[in-house]
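Undergrad:
In the working numbering, the protein residues as written are 122 to 594.
In structure tokens form, the structure reads like this:
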């Protein structure tokens, strides 16, 4: 009997453990230290860049919360809409990570410059076109979220200029990708400092009409946001075109890099569907919370902005890791790529656990920074504490997915991401929040449980190492 049971489970368990990674043992201590240093050298500037963006998001919500809960809810709703509309940003973004970093690992030069040029042009063309579409469909799209009329009106006013600037917004993220891919993440960090500094200065001036500036409310926030992204895009493109850049990029429109554009889209296409699924899932989540009123949406939006600080550390680390994996695979160093990925996962787990503890300890002062009403503070504390439980597991999942992105193998994360978004996260939220009538708190617990289950299942796929490929791109 026991032999039958053993034979039944032995083969599938062996399939879960077998793969290219099985040949790679624990690295020598000296090599592990070198790889850890490289991960931190690439990851820390990227973390700083994205933490600055999170700081702006939090400060933006802080100032808008002084006006009331409705502007905060409006920004949350428009954010969900923009995620859906700009999903091609992830197609080009993930494709460019693999192409730029691997070409740089193969020697850099003109092929890398053309990959960067293709990325920027694709982002700007896609973003501008999508922005025009966004302006046209925004009034109709906002009705799908079930928000109250005053929130929908504010979201529309906030969204017009932001939509028209989608081209610059999308390019700004590729500024960081380009500098990481050519081994200069510090340059990308300082460009982001300039953009965020402008945002932080302009936000209160334009929202409240301080000094000679007009009082524009939520429209002022959209102007500050747009100015920041335009600045990052222009300064980043200028720095990449200078002789001092490791890869000098020409921005001429005379001969578009069509081959590189096709490669970026081909590599990133699966990630686009995964991003679209996540964006639609996020929209569905906002719609589920909107069922319980404006304050609930505002509190959820506040919690998202606060937790973005923890999330962006992992995003920065993951993007730096993806670029490193691409460079190692471009140089045909598979074992270094594998160990780099595993080191990054361990770092993200340590940070995720630390961030959960910090949020549980300081949730009340964080909420009172945005809201002062006792009912809002009491609910907001638990929104933060429950939502943060998903963060360590989301972090691990993204670290694994970025390894696939660096290798240019995005189909597996795409397929798994769609299943996880809808059959795990949304299903758990509906089950606990709506069907079992635990309300918003039940949905937050369901959100966390979906991430726990999803990250555990994906680890079984990732650990086999079938993403460790070194073909030419």
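Think of the CB as a built atom: it goes at the ideal place given N, C-alpha and C, for glycine as much as any other residue.
Indicate whether residue 295 and residue 369 have their beta-carbon atoms separated by less than 9 Å.
TA: no
Undergrad: Rounded to the nearest angstrom, how far is the Cβ of residue 223 from that of residue 450, given a contact under 8 Å?
TA: Residue 450 and residue 223 do touch by the CB rule: their CB atoms are close to 6 Å apart, below 8 Å.
Undergrad: Between which residues of its own chain and residue 557 is the CB-CB distance below 8 Å, once the five residues before and five after are set aside?
TA: Cβ within range, chain order: 563.
Undergrad: For the candidate residues 186, 247, 499 and 177, whose alpha-carbon lies nearest to that of residue 313?
TA: 177
Undergrad: Does DSSP classify residue 338 as helix, strand or coil?
TA: coil
Undergrad: Label residue 547 either buried or exposed according to how many other C-beta atoms from any shown protein chain fall within 10 Å of its C-beta, with 16 as the threshold for buried.
TA: buried
Undergrad: Kindly provide the ranges of any alpha helix (DSSP H) runs that are 4 or more residues long and lie completely inside the stretch 236-320, ordered along the chain.
TA: 270-285 and 287-302
Undergrad: From residue 480 to residue 471, what does the alpha carbon distance come to, in whole angstroms?
TA: 15 Å
Undergrad: Taking DSSP as the reference, what is the three-state secondary structure of residue 454?
TA: coil
Undergrad: Identify every run of the beta strand (DSSP E) within the stretch 485-509, keeping only runs that are complete inside it and at least 3 residues long; order them along the chain.
TA: none
Undergrad: When burial is assigned at 16 or more other CB atoms within 10 Å of the CB, is residue 588 buried or exposed?
TA: With 16 or more other Cβ atoms within 10 Å, it is buried.
Undergrad: To test your reading of the DSSP string, which unbroken alpha helix (DSSP H) runs of 4 or more residues are found completely within the stretch 193-229?
TA: 209-226
Undergrad: Helix, strand or coil for residue 123? Go by DSSP, reduced to three states.
TA: Confidence is the limiting factor: at residue 123 the pLDDT is only 38, short of 50, which leaves the residue's position unreliable and the question unanswerable from this model.
Undergrad: From 281, 253 and 503, pick the residue whose C-alpha is nearest to that of residue 78; which is it?
TA: With the chain represented from 122 up to 594, any question about residue 78 goes unanswered, as that position is not in the structure.
Undergrad: What first and last residue would you give for the alpha helix (DSSP H) that runs through residue 172?
TA: 150-186
Undergrad: Please report how far the alpha carbon of residue 182 lies from the alpha carbon of residue 193, in whole angstroms.
TA: 6 Å
Undergrad: How should residue 553 be labelled, buried or exposed, when 16 other C-beta atoms within 10 angstroms of its C-beta is the threshold for buried?
TA: buried
Undergrad: Among the candidates 513, 357, 501 and 204, whose CA atom is the shortest distance from the CA of residue 469?
TA: Looking at the Cα atoms, 513 is the closest of the given residues.
Undergrad: Where does residue 371 sit, in a helix, a strand or coil, going by DSSP?
TA: coil
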